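Data first, discussion second: the structure below is written as C-alpha cells.
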Amino acid sequence: MIILSTKLRRMLLSRLIFDFVNRTEAKLARLYCDSRSIDGLEVFYHSNTKHFSSDKPVLVLIHGFSADKYVWNRFAKRFSSQYHLVIPDLKGHGQTAYHPDDDYSVPSQCQMLLALLDQLNIKHFSIVGNSMGGMMAAKLFDEMPKRIEKAVLIDPAGAKSPFAQNMIDNKLNPFEHEVEQGFFKFYDLIMAKPPFIPKFILRALAWEYINKRAQYTHMFHQFFNLRDFYSRDYRFDYPESMLIWGLNDKLLPVDDFTHWKLMLNSNTLIYEDLGHMPMVEDVKRVSKDILSFLNKH
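So for the sequence shown, this note's numbering puts the first residue at 1182; every next one is plus one.
Shown next as C-alpha cells:
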C-alpha cells in the first residue's frame, strides 16, 4: 500500500485543479484534444475542427520550451471563427511523452510537426510561434516557404548571439531548478504582466519542474545549441513574416531582438510593457495585432 505524504497530496491536488482550469478554458475556446501516432510516438494536439476543409485557412500555434498547448487557450479563442487551428504538444511537452533516447532539437521537433500536419492532410498553413516555437516557425518558412502562407515569431529563441554563447559556455539553464525559490525567480523572468495564478498552483508547478529536472536538462541541451542557431549575417528570404518582441523580456536580451530584426527584414512590432510571452500577457491587444497581419492581403 502506497501512502502519500501530505505535501505530495497537496501538490497533486493543486496540479489537478490547474489541469481542470486549463481544460475548461480549452472547452470555452471550443478546442478539443486529439492525437496521432508519429513514428510510434502519440502526439497530442488541440483543434477546433475534426475536418480540415478548404473553407477556412489553417493556423498552427507552437509553444515554447517547457510550455504546452494550453498556453494558447485564450489566444486561440479569438482566432477560431476565422481559422482551423492546430495547437500541438511538442515532443516531451504536455501530454506528448518524453523518452530519454529521443531527439529534442529544433530540426527534430519540426520534422514531428510536419509529420503531424501531413497526417491531417494539411498542405498550406500560417504559423505563430513563441520562443523555441518562434525558432521553429523561422526554420519551417526558411526551408519550405511554399507551404507557409504567413509566419509570426514572438520573442523567438535561436539567435547565435553573445548571450547564447555565454549560456552554453557556462552551462546555464534557466529551466533547471532544485528548489521552489529558483522556480519562482524563473517565473518572474517569463512575463512582465503574468495572468493571476494562485500561489498554491505555482508551488505545484515548481514541484513539477523540480521533478522533471533531468528531463528538462536533457531536452534543453539538445534544443539550445549553436549548431541550429542563426548567425547575425543570415538572411531569411521570406517577406510574409512578422517579428514581435516584448521589451521587458528578461529571458532573452534585447540584443537578440536586434539580431532577429536584421535577419528577417520583416514587419516588426514592439511592446514596451510586455515580456517574453506577449500573447499570454495581453491576449486582446496581441491577438488583434496578429489577426490584422494575418488577414492583410
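Glycine included, each C-beta is placed from N, C-alpha and C at the ideal position.
Just so it is clear, the structure is predicted and the values come from calculations on it, not from any experiment.
> Under the DSSP definition of a beta bridge, which residues are partnered with S1307?
Replying inline: Beta-bridge pairing by DSSP links S1307 to L1240.
> If you check the beta carbons only, do A1345 and F1410 fall under 7 Å apart?
Replying inline: With respect to F1410, A1345 sits close: the two C-beta atoms are nearer than 7 Å.
> What does DSSP give as the partner residues of V1333 in its beta bridges?
Replying inline: Beta-bridge pairing links V1333 to V1309 and M1423.
> Who are the near neighbours of F1417 in its chain, counting only those whose CB is closer than 7 Å to its CB and skipping five residues on each side?
Replying inline: If we look at F1417 and ignore the five residues flanking it on each side, its Cβ neighbours are A1319, D1323, M1444 and L1445.
> For M1182, is the classification buried or exposed, using 16 other Cβ atoms within 10 angstroms of its Cβ as the cut-off for buried?
Replying inline: Note that M1182 scores 42 on pLDDT, short of 50, meaning its location in the model is unreliable; the coordinates nonetheless yield the value given after this. Per the 10 Å Cβ criterion, exposed.
>> To test your reading of the DSSP string, which unbroken alpha helix (DSSP H) runs of 4 or more residues are found completely within the stretch 1249 to 1286?
In response: Runs found: 1254 to 1258.
>> Taking the beta carbon of K1465 as the centre, do at least 16 other beta carbons fall within 10 Å, making it buried, or is it exposed?
In response: Exposed: under 16 other Cβ atoms inside 10 Å.
>> For the stretch 1298 to 1305 against the stretch 1243 to 1254, do three or more pairs of beta-carbon atoms, one drawn from each stretch, fall closer than 8 Å, so that the two count as touching?
In response: Contact fails: fewer than three Cβ-Cβ distances are below 8 Å.
> Just checking my contact of I1371 with M1316 at CB under 8 Å: how many whole Å lie between their CB atoms?
Replying inline: Rounded to the nearest angstrom, the Cβ distance from I1371 to M1316 is 17 Å, too far for a contact under 8 Å.
> In three-state DSSP terms, what is N1229?
Replying inline: In the three-state DSSP reduction, N1229 falls in the coil class, being neither helix nor strand.
>> Please report the straight-line C-alpha distance between A1278 and H1402, rounded to a whole angstrom.
In response: Answer to the nearest angstrom: the Cα atoms are 18 Å apart.
> So what's A1340 in DSSP terms, helix, strand or just coil?
Replying inline: Three-state DSSP puts A1340 in a strand.
> For F1199, is the classification buried or exposed, using 16 other Cβ atoms within 10 angstroms of its Cβ as the cut-off for buried?
Replying inline: So F1199 counts as buried.
>> Need the endpoints of the beta strand (DSSP E) that S1218 sits in, please.
In response: Y1213 to I1219 is the span of the beta strand (DSSP E), which, as asked, contains S1218.
>> Here's the rule I'm using: 16 or more other beta-carbon atoms within 10 Å means buried, otherwise exposed. How should A1395 be labelled?
In response: Taking a 10 Å sphere around the C-beta of A1395, we find fewer than 16 other C-beta atoms and assign the residue as exposed.
> Do three or more CB pairs link the stretch 1208 to 1222 to the stretch 1291 to 1300 at distances below 8 Å?
Replying inline: At 8 Å Cβ cutoff, the stretches touch.
>> Looking at the ligand NAP, does it come within less than 6 Å of L1432, judged from the CB to the closest heavy atom?
In response: Here there are no bound small molecules, and the ligand NAP is not part of this structure.
> Considering only C-alpha positions, which residue in the set L1475, H1227 and P1355 is nearest to K1366?
Replying inline: The shortest Cα separation from K1366 among L1475, H1227 and P1355 belongs to P1355.
> In terms of alpha-carbon separation, which member of I1425, T1439, H1232 and I1243 lies closest to S1412?
Replying inline: Considering only alpha carbons, the answer is T1439.
> Quick one: complete alpha helix (DSSP H) runs, 4+ long, within the stretch 1441 to 1467?
Replying inline: Within the stretch 1441 to 1467, the alpha helix (DSSP H) runs of at least 4 residues that lie entirely inside it are, in chain order, 1459 to 1462.
> Using DSSP with H/G/I as helix, E/B as strand and the rest coil, what is P1375?
Replying inline: Annotated three-state conformation of P1375 is coil, per DSSP.
> If N1254 sits next to N1311, beta carbons under 8 Å apart, how far is it from one beta carbon to the other, in whole angstroms?
Replying inline: About 14 Å; that fails the 8 Å criterion.
> If you draw a straight line from the alpha carbon of Q1362 to that of M1192, how long is it in whole angstroms?
Replying inline: Each residue's Cα considered, the two are about 16 Å apart.
> Helix, strand or coil: which one does DSSP assign to L1432?
Replying inline: Shown here, L1432 sits in coil according to DSSP, grouped into three states, outside any helix or strand.
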